[in-house]
Every structure is written in structure tokens, then in C-alpha cells.
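**Q** Quick mapping for you: the protein sequence lines, in order, are chains E, S, G and H. So for the first sequence, this note's numbering puts the first residue at 3; every next one is plus one. So for the second sequence, this note's numbering puts the first residue at 3; every next one is plus one. So for the third sequence, this note's numbering puts the first residue at 3; every next one is plus one. So for the fourth sequence, this note's numbering puts the first residue at 3; every next one is plus one. Starting off with a structure, shown below.
4 protein chains.
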Amino acid sequence: MDTTARLLITCPDRPGIVSAVTAFLYNHGANITALDQHSSDPEGGTFFMRLEFQTPHLDVSRGVLEATFQRAVAERFEMQWRLSYAADVKRVAILVSRHDHALLELLWRAARRELPCEVTQVISNHPDLGEAVGHFGVPFHHVPVTRETKPEAEARILELLGGDTDLVVLARYMQILSGDFVARYPNRIINIHHSFLPAFVGADPYRQAFERGVKLIGATAHYVTEELDQGPIIDQDVLRVSHRHSAAQMKELGMNVERLVLARAVKWHLEDRILVCGNRTVVFA
Amino acid sequence: MDTTARLLITCPDRPGIVSAVTAFLYNHGANITALDQHSSDPEGGTFFMRLEFQTPHLDVSRGVLEATFQRAVAERFEMQWRLSYAADVKRVAILVSRHDHALLELLWRAARRELPCEVTQVISNHPDLGEAVGHFGVPFHHVPVTRETKPEAEARILELLGGDTDLVVLARYMQILSGDFVARYPNRIINIHHSFLPAFVGADPYRQAFERGVKLIGATAHYVTEELDQGPIIDQDVLRVSHRHSAAQMKELGMNVERLVLARAVKWHLEDRILVCGNRTVVFA
Amino acid sequence: MDTTARLLITCPDRPGIVSAVTAFLYNHGANITALDQHSSDPEGGTFFMRLEFQTPHLDVSRGVLEATFQRAVAERFEMQWRLSYAADVKRVAILVSRHDHALLELLWRAARRELPCEVTQVISNHPDLGEAVGHFGVPFHHVPVTRETKPEAEARILELLGGDTDLVVLARYMQILSGDFVARYPNRIINIHHSFLPAFVGADPYRQAFERGVKLIGATAHYVTEELDQGPIIDQDVLRVSHRHSAAQMKELGMNVERLVLARAVKWHLEDRILVCGNRTVVFA
Amino acid sequence: MDTTARLLITCPDRPGIVSAVTAFLYNHGANITALDQHSSDPEGGTFFMRLEFQTPHLDVSRGVLEATFQRAVAERFEMQWRLSYAADVKRVAILVSRHDHALLELLWRAARRELPCEVTQVISNHPDLGEAVGHFGVPFHHVPVTRETKPEAEARILELLGGDTDLVVLARYMQILSGDFVARYPNRIINIHHSFLPAFVGADPYRQAFERGVKLIGATAHYVTEELDQGPIIDQDVLRVSHRHSAAQMKELGMNVERLVLARAVKWHLEDRILVCGNRTVVFA
């Protein structure tokens, strides 16, 4: 059984934070095995910290530890914080439309334990990928969406997600989620989309990128916010292309970048490595 | 003495082009040492070809070869073409403002013969870089530009460039060239600028990129057209950054990408590896 | 139906080759849609060429075309050559032991038609991956190997491969193939293995790489020759690591590089993009 | 004036280290602005930590701080540690033979303040680069080396380095330093050399890499130890090559990788980001 716990903290930067947190944990028997911190600005900036520690020798229960930390440390430094335990395997739901590349990459890695999570279900607005999902022993739900039925569809998806879904991954889900939906999972919905330099707006971006003769195609994984594709960036990557690549080949390569970038972003989320501050992420990878 | 010649061809794609060109060169004693071709579309597309050949056993003079090629091959296939000789070292002028990174990279590589060219002069709207340029034995011209004197300044630059400048490189030249100026050097002015995913418009893009939390910063080298930063892309590259990088560090890293991408683009141009079609490049690198 | 044909040629370099080949094809109604060539040395070197052409307007049958080409062109230039047709989908057998990452990547890409081939069977010296393979509808054969039964096992594998297997892929097959076996599939067995700078010999290379503190881990795909891991390199790639990565994490990342590099190498082979010359490859990618 | 101080610590890992160090600094008025730590193994491993802090509000002098830290913290945890101050600009000597690429990259970055150091001198066993160095206003010393005069040459170099050289950079210095020389600058001599997958031993490695058909060429920067090229790796990087690259072109590209990797390694050293443990580095970049 994995005895790792992770403490994530965001607070106004000022002297003494690291000292107070590490002393607190030390005094309660925690063995700190990783510590990352970042300050957006030593003068009046925001402070971010991630600690990993081992729990076997804790002198108090989880509940007491958390209550004591809040009272003894967090309040004093005006911290936003959360504590998570590797043994509490995160429950992940994947939303997808028809493209299977990102979905299958996640299912594979989850099956191999490269992604420490339980994929509880896959929900799609198309029935196409049901069989592929079935091979992984993961429940598949077909929730059709039309312009008219969108509110009902979202309600149905929320019902399926229930109250215990930790992370929603949009693995090429081609429907725009409502602000209400997004607001229920703040910094807990990850999306993947293609990226280019320069960016292309509108339909068939690979066609546009091809016509512009770009030499790099890429992908961006980000948390979903109300404003489409404008949420905090988690990770990005690119591949080199040339005039030899057709728009179709660029698209194929792009899908391969997408699946790698998405898998990396999801893994970091599952390992509690990402802190969000405004529209930026701090990733302690 | 370098006896390499390079033939660049663009024409409507149809059967028989490669055969006609290679047979022509073969029959005149050329020894083809490299051949690249590309078709934008086998059906009704555009055809691009680059040949390198050795000239010692040519059975005719340059002038006759070219005239015969035009008559015997080029007209039949409606070719746009040009023939260049490595022994005709290209004359390059560099325009720069205050940032020296891209300029010095080019001067170095030219001095080391990594760039096969003669840098005939450096022109700047600021006097700052005169001394650094002097160390390379390259003439430096200070041509100040103000809003009022811009036409005169451009006229002065054109006078300095004279009639025999083959390539103008904007190595962080922060003045926008007029359409008239650009039209005199079609696909012979190369510019470098920073690139991000997504793109940022307006002042201080590194600051914007920092605030958006991008994970990649990059640079794009392109031919200059009338529309600012919209010309055919020659090359692009990126570097990975994280929340640990300040806006200043991103800028420093960005300059290092800029100089590498620019040097690569200039080299390809000097070696006649770039064909332009509409707003795209075909780079036979 | 795909009407693409590909002609691969290796011969001593001398003037007139391109011209002779393209004229021959042109005269028989072939429409050349791609042509790549490479000369190892303009003076006395080896010449490599790959042509793609469309066959619908050929004026002769395949058999006649090939016989005529041999007589009219190939003999004159002492060519080694082969002609292949995209419509003749290549038959691929995958050998694997217990690691599934490379295997599944290939099966998945074949299922998506990213790899233009038919995976006819998977052969393993362990039964573990049978179920995973079954989901793809591909036959799985378990051929155990012990020190004593190795010759019989190889004989059994050869029997399974039959006479019509075009390519054998070792997707982490941990048995060394005999020289006899290898000799039956010259430049038709592709292997993938980890690569580091510097290289590490002996057991548990990721552990060694970790202990040496390497900053890059990589993978190399190559054709199998009698000498272990010394065959012609097809492709290589690396990923950046740091002191933060454990040996186990390096191994996990390494597997992800392996599957990408192997998939790329297999694709190039299937598209007839690879020519082998001595111990080097020319890859017209 | 830069008021940044950096504390580097290596010690056996056990609970309470971070807490003790940060509390100590906090209690003396230090404002910690960066903290990185790494444990090679939570159970019985080695612990590494780097702290950056601001000194203006320290309540004691440097000397007292250091003495107190030794007594109050370091002894208790059996620490090896050092404290350095950004205001004490490091003095760097560069040794070089005839290749100028790595040397000029360092001189240029030092001149731009990208490298926070004073290059006090360049020493070469050849006179060739004297003029280029002169342009940077840096003293150049020609110390010829022959098989017979090697001890005298090393003695002369040591005399030039004097007692206050913080870092020696071998920027393509083609002489092997004696064990005695190396022992005087433990983890303070940085070397750069080419790297390939696989590695090549012996003369003209680019020629060997070319003949083996490698697809990646790279460079490794490392600390120099007695055993040639076997010291702790600081950084590595690679570039992609293909059959189109001649051995000479590979060498040219390799030099460009070398200068970037070396510059990065030197920068990390100057910023006290590197800890050495046995034959590995921990780089808090």
C-alpha cells in the first residue's frame, strides 16, 4: 500500500513559510521525501509549495493532522491548501467524441499503471468507440448531444459523473461544455487541443497550417475554464514538419503529439503536481 | 574553386519534367550530385525541383547553357527557374537595431565560413553596435530613423545596398520597411521574430507569454512581405520553459532560439535551398 | 484502390541515372509523384533513388515493365533495384516477450491504418500478451524458448512465418535470433532497443544510466544483422531526464520513446523509404 | 548590488533537515526566495538542497552566520555545505586549443552578462585565437605544450590560474590534464565533448558516426575527473541528422550543439545550481 501523502499550498509569499510547514510535519512524524516551492516574486508575490511525505509514523490521524495544520499553520499564512493521499486512487471520467487516439492512450496507460487512477467510465456523444473501450473493461456511456438536447445531455453526464469523480478528461470531446458544467469542476477538467505557430482560428486548422507552410505542429493541454481554450496551460509540445507533409499527415502527426501531451498532463494532475494561480500553472514535474 | 551549380525550378506539375531536365543537363556534361523534387499535388499541382550539379565538364558556357535551357526545356514546361553558382558568393547586408544576438551569430558564422557569403555591410538605426561589427572587419553604417525621416532613411539604405546585394537580413531590425522597399527584394529579405503558442499581439510579448504561463517559446524566420510578419515561413523552433523562468529569462532563451533559427534560414537561402510558392516555402534542406 | 508504385534503386553513381530512369518511366505512362535521390559521393560513390509513381496509365503489365526495366536500364547501370506496389499490403509478424508497449503501439497504429500493413500474427515466448492481442483480432502464437529448445523454437517460428511474411518486427523480443534465422530476412527484421549517451553494456541498462546520471535517454530502431544490436540504424530519438527521475521512471519514459521510434521505423519500412548500404541506411522520409 | 546568497547542502537523508535549515535562516533574517531539494532515496539515501535567500536583513555578519550554521545545524546533520554570494562574481579561466566555437560562445555570453562571471583569461596551447580573444578585452596566454614540456606547461598554467580562479572551462582544449592538475580543482573544471548513440572510441568520431549512419549527434558537458571523459555529467543535448549530412556537416552541427550545452553547464555552475554526488550531478535548474 502506497503511504505517500502530498500537501499542496498556495499563499502570499513571506518569510518563514517553508520553515513552519516542514517543522509542523516533522513534529508529527512525517518523513518528507520531496519538496518543491516556487515564489512568483520574492516581494509581495505568491508562494507555491508541494511536499511529498510518508505517513507510517504520523502521530495523529488524517483528520486531526488536517485540523491541526489548518489551525497551527495555514491560517497564520493565509494558505489555500489541500492534502491528498496516493492510496486514495483518483477516479477519472473520460469524455470523447469520435477520435480514439487520446482516449486509447489514456486507457492503455491506466491499464499499465503508468497513470495512477481508476478510469470509472468513458462518455461519448457517439457510439463508435464503445467496443474499443469495452476491451479495457471500462463502462462506456453513449450520451447523444444535439443543439436542442444539450442541456439534457449535460445533465445526464453530470448524473453519470456523480459526486465522486475527481477528474474529467476531454480526450477530443467536440462539444463545448457550459459554464455551469465547468464551474462544478474547477481545475479538474483537462482538455487537449492542437497548437500552431502562428495560431489558426476557425475550421480545419491543419488545413490552414498546411497552407501557411508551418514548420512545427503542436498540442496544448490545459484546464478548462469558461472561455474556450483559454484556460491555464499545463503542457505543450511540438513536432517538426516540412513541405513533404500533407495536411492529412500533419493531422496524423498532430494526433500523436496530442496523445503524449495529454497523457503527461493527466499524469501530473493525478500525482498532484499542478497548482493553478490565476491563468497560469505551476507544475512541479 | 567551388564548381557547384544549382538549378531551382517551379512549374505546373505534369509528366516528364524530371526526365527532361536531367536529360538536358546530362547531355551537356553536367554531373548531377543532388536532386530534390516536390509536387504539391500530383493532379494539377505545382512542381518544385532543386538540382545540384558539377560544372567542370559542361560543353557550353554558362550563357549558352541558360539560353538553351530556356528554349529547350523551360518554355515547354512553363517553368520559373534560376541557376546559381556557388562560386558567385552571395552578398549579404544585415539590418539591425540594438539587439546584437542575431547579428553576432551571423557575423561569426560568416567569418567561420559556416555561412557561404560575404557580409558586405551592417546598417543600423542606432550607433551602438558599430564597435562589435568593426571587430569582424565589416563596414557599419548608422542610418537614424525617425517618423519624419523614414523615407529619407529608406532611400539612404537602398543607396547603401546598391544594385548588387543578394540578401537583406533583418537581425532584429525594429523598423517596419515600406512596401516599396520590400518589393525591391522579393523573397530576398529574411526576418526573425519570436513565436509562441498561442501567439501574442502587442507590446512586450515575452511578458504576455510569461503571464499566460506558456510552456514553449520559439522563433520563426520568414521572408518579408508587405504584410508584417505574414510572409512565407522558412524555419521555426522552440524551447521548453516552465514556471521557474521569469519573463527576463524567457526573453534570454528566446534570443538564443532566434539566433539559431535565423542562422539556419540564412544558410538555406545562401545554398539556394528555398523555393517560395504563394505564401509557403519548400525547403530542400 | 491505391495505385502507387515505388521503385528503389542502388547503384554505382555516374551521370545519367536519373535521366534514364525517369525517361523510362515517363515513356511507359508512369506519372512520377515523388523522387528522392542521394549520392554517397559524387566521385565514385553509391547512388540511391526512390521514386513513387502512379500506375493507371502504364502501357504494359507489371511483369513486362519490370523485365523491360531490367534489360533497358538496370543492367546498364549495374542497379540493385526493387519495385513494390502499395496495393500489395505488406504482411507483418511481430515477435514479443513480455513487455507490451511496443507491441500495442504497432497493433493500434495498424488498426487505425497509420501503418499500411496486415499484422498476420504475434509470436511470443510467453503467453502473457495473448489476451491483449486477441482484442485486435490478430492471431497469437505462444512458442516457448529454453536454452535447450531454441533450435526447435526457431524452426517453429519459421514455420509460422511461412513464405509470405514481408517484415518481422522484434517489439521487445528478448531472445537472440540465430544467424541462420536472420539470414532468411535480410533487412527485413526490425528491432528496437534503448540507447544512452554513453552506452551501457550488460544487465539493467536503465539502472546503469541512472547511476551514471545521464540527462538523456533514448531508443534506436535498426535492422537486425548477425551481430547483436549492430545492424543499420533506421531511427533514433531521445527524451530529457534529470536527477528527479528514478531508474523506474527512466525505464517508463524509455518505453515511451521506444514505441514511437519503432512505429516510425516500421512505417518507413512499409512505405519502402529505407535503402541499406553496408551498415548505413538512407531513409527518404 | 546583488544581495542573493546560495546555500548548497549534501548530507545523509533523515527527517528534519529542511525544517532545521529554513528555521535557522528565518531566525537570522534571511528571506528564502528559492528552495530545491532532492533525496536519492527516502530510506538511507543522500539528501541535496539548494536555497537562495536575500541577505539585506541578516542579523549577523557572513562570518558569524557561517560559523553559527556549522555549529547549530551542519554538524548535527553531518552536512557538507557551502555558502556563496552572487556579489562575489566568479573568476573563470578558459582553456582552448584551436577550435573557437565554444570559446566565443562563452566570451560572448559573458560580455552580455548572460553568464554571471568575469573571464579573467584565456589560455591556449596555440596562438591562433589570440586576436579573437583580444576583441573581448580578455587577456590571452599562449602556453605551448609538447610531450616533453607537458609538466612545465601545466605548471605555467597553474601559475597563471593563481589562487583565485573559481572555474576552469575546457572549451575544446585538446590536451589531457594530469591527475595532479585535476585534483586541484575538484568539480571545478568543466569539459565539453561530442556524444553519439552508440559511442565511438578513437580518432575522428564524426567520421565514425557518419559511417555508422547515426541519426542523432550530441554533446555532453561534464566535470573533469582523472578518468578521461568519465566525470559527472552536467548536461547533454542532441541534434537530428540524416544520410544527407556529410561527416563535415555533422561536425559543424556538432560544434553548434557543443557550444549550447557548454554554455548551459557553465551557467548552472556559476549560479551554484550543481551538486555532485559520487559520479552523478544533481542540477537544480
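Idealized CB from N, CA, C, for every residue including glycine.
1. Hey, Leu-218 (chain G) and Val-243 (chain G) are a contact pair by Cβ (cut 8 Å); roughly how many whole angstroms apart?
2. Rounded C-beta distance between Gln-56 (chain S) and Ala-95 (chain S)? I'm assuming under 8 Å.
3. Would Asp-237 (chain E) count as contacting chain S if we go by Cβ distances under 8 Å?
4. Going by C-alpha to C-alpha distance, which of S:Thr-5, S:Leu-230, S:Ala-221 sits closest to Met-257 (chain S)?
5. On a CA-only basis, which of G:Ser-42, G:Phe-26, G:Arg-93, G:Ala-69 is nearest Glu-273 (chain G)? Give me that one, please.
6. List the residues that DSSP assigns as beta-bridge partners of Ser-41 (chain S).
7. What did DSSP end up calling Tyr-225 (chain G) once you bin it into helix, strand or coil?
8. With 8 Å set as the bound, which would you pick, yes or no: does the beta-carbon of Gly-233 (chain H) sit closer than that to a beta-carbon of chain G?
9. Assuming Val-75 (chain E) contacts Phe-142 (chain E) (C-beta within less than 8 Å), just tell me the rounded distance between them.
10. Would you give the residue range spanned by the beta strand (DSSP E) that Asp-237 (chain E) belongs to?
11. Kindly list, in the order they appear in chain S, the residues whose Cβ is closer than 7 Å to that of Trp-110 (chain H).
12. Could you tell me the alpha carbon to alpha carbon distance between Glu-161 (chain E) and Ser-86 (chain E), rounded to whole angstroms?
13. Is DSSP giving Arg-158 (chain G) helix, strand or coil here?
14. With Asn-281 (chain S) and Pro-207 (chain S) assumed to form a contact (beta carbons below 8 Å), what rounded beta-carbon distance in angstroms separates them?
15. Expressed to the nearest angstrom, what Euclidean distance is found between the alpha-carbon atoms of Leu-97 (chain H) and Ala-112 (chain H)?
16. Reducing DSSP to helix, strand and coil, say where His-59 (chain S) ends up.
17. According to a CB-to-CB cut-off of less than 8 Å, which residues of the region 199-217 of chain G neighbour chain H?
18. Could you tell me which residues DSSP pairs with Pro-14 (chain H) in its beta bridges?
19. Taking all protein chains shown into account, decide if Asp-4 (chain H) is buried (16 or more other Cβ within 10 angstroms of its Cβ) or exposed.
20. Assign Thr-151 (chain G) to one of two classes, buried (16 or more other C-beta atoms within 10 Å of its C-beta) or exposed (fewer than that).
21. Along the chain, where does the alpha helix (DSSP H) that runs through Asn-193 (chain S) open and close?
22. Run down chain H in chain order and give the residues with a C-beta less than 8 Å from the C-beta of Phe-246 (chain G).
23. Residues in the same chain with beta-carbon distance under 6 Å from Ala-88 (chain H), minus the five sequence neighbours each way, listed in chain order, please.
24. Would you identify the three-state DSSP class for Lys-253 (chain E), choosing helix, strand or coil?
25. Give every residue of the same chain whose Cβ lies closer than 7 Å to the Cβ of Ala-134 (chain H), excluding the five residues on either side of it in the sequence, and list them in chain order.
26. What is the C-beta distance between Leu-264 (chain E) and Ile-194 (chain E), in whole angstroms, given that I count them as a contact (C-beta under 8 Å)?
27. Below 8 Å between beta carbons: does that hold for Thr-283 (chain H) and Gly-215 (chain G)?
28. Quick check on DSSP: helix, strand or coil for Leu-277 (chain G)?
29. Just the C-alpha distance for Val-278 (chain G) and Pro-58 (chain E), rounded to the nearest angstrom, thanks.
30. Along the chain, where does the beta strand (DSSP E) containing Thr-283 (chain H) start, and where does it finish?
31. Given the structure, does Pro-188 (chain E) come close to the ligand FMN, in the sense that its CB is under 7 Å from one of the ligand's heavy atoms?
32. Using a Cβ-Cβ cut-off of 6 Å (strictly less than) and excluding sequence neighbours within five positions of Asp-38 (chain E), which residues of its own chain qualify?
33. On the CB-based measure, 16 or more other CB atoms within 10 Å of its CB, does Asp-61 (chain G) come out buried or exposed?
34. For Val-124 (chain E), report the span of its beta strand (DSSP E) as first-last.
35. Say whether chain G places a C-beta atom closer than 8 Å to the C-beta of Glu-254 (chain E).
36. How is Ser-86 (chain S) classed by DSSP in three states: helix, strand or coil?
**A** In terms of the structure at hand:
1. Rounded to whole angstroms, the Cβ separation of Leu-218 (chain G) and Val-243 (chain G) is 7 Å, and the two are in contact under 8 Å.
2. Not really, about 30 Å apart at Cβ, beyond 8 Å.
3. It does: the Cβ of Asp-237 (chain E) has a partner Cβ on chain S nearer than 8 Å.
4. It is S:Ala-221.
5. Checking every option, the nearest Cα to that of Glu-273 (chain G) belongs to G:Arg-93.
6. Ser-41 (chain S) pairs with S:Phe-49.
7. Here Tyr-225 (chain G) sits in strand by DSSP.
8. Closer than 8 Å: no.
9. 45 Å between Cβ atoms; not a contact.
10. From DSSP, the beta strand (DSSP E) with Asp-237 (chain E) extends over 235-242.
11. What Trp-110 (chain H) touches in chain S: Leu-106.
12. Their Cα atoms are separated by approximately 25 Å.
13. In this structure, Arg-158 (chain G) counts as helix in the three-state DSSP scheme.
14. Not confirmed; about 22 Å, so no contact.
15. Approximately 15 Å, taken between the alpha carbons.
16. His-59 (chain S) falls in the coil class under three-state DSSP.
17. So the list reads Leu-199, Pro-200, Ala-201, Glu-213, Arg-214, Gly-215, Val-216, Lys-217, given in the order they occur along the chain.
18. Residue pairing by DSSP puts Pro-14 (chain H) in a beta bridge opposite H:Thr-48.
19. It counts as exposed.
20. Under the 10 Å beta carbon count, Thr-151 (chain G) is surrounded by fewer than 16 other beta carbons and is classified as exposed.
21. Judged by DSSP secondary structure, Asn-193 (chain S) falls outside any alpha helix (DSSP H) and instead within the beta strand (DSSP E) spanning 191-198.
22. Looking at the sequence itself, residue 246 (chain G) is Arg, so the reference to Phe does not match. One finds His-40 in chain H with Cβ atoms closer than 8 Å to the Cβ of Arg-246 (chain G), taken in chain order.
23. If we look at Ala-88 (chain H) and ignore the five residues flanking it on each side, its Cβ neighbours are Asp-4, Thr-6.
24. In the three-state reduction of the DSSP assignment, Lys-253 (chain E) falls in the helix class.
25. Counting only Cβ-Cβ distances below 7 Å, and skipping sequence neighbours, we find Asp-102, Leu-106.
26. About 4 Å separates the beta carbons of Leu-264 (chain E) and Ile-194 (chain E), which is inside the 8 Å limit, making them a contact pair.
27. Between Thr-283 (chain H) and Gly-215 (chain G), the C-beta gap is smaller than 8 Å, which places the two residues in contact.
28. Leu-277 (chain G) falls in the strand class under three-state DSSP.
29. In this structure, the alpha-carbon of Val-278 (chain G) lies about 58 Å from that of Pro-58 (chain E).
30. 282-285 is the span of the beta strand (DSSP E), which, as asked, contains Thr-283 (chain H).
31. By its list of ligands, the structure shown contains no ligand whatsoever, and the ligand FMN lies outside what it can speak to.
32. Beyond the five residues adjoining it in sequence on each side, Asp-38 (chain E) comes within less than 6 Å, by CB distance, of Arg-52, Phe-286 in the same chain, given in chain order.
33. The Cβ neighbour count for Asp-61 (chain G), taken over all protein chains shown within 10 Å, is under 16; the residue is labelled exposed.
34. Run containing Val-124 (chain E): 119-126, per the beta strand (DSSP E) assignment.
35. With 8 Å as the cut-off, Glu-254 (chain E) counts as an interface residue toward chain G.
36. It is a strand residue.
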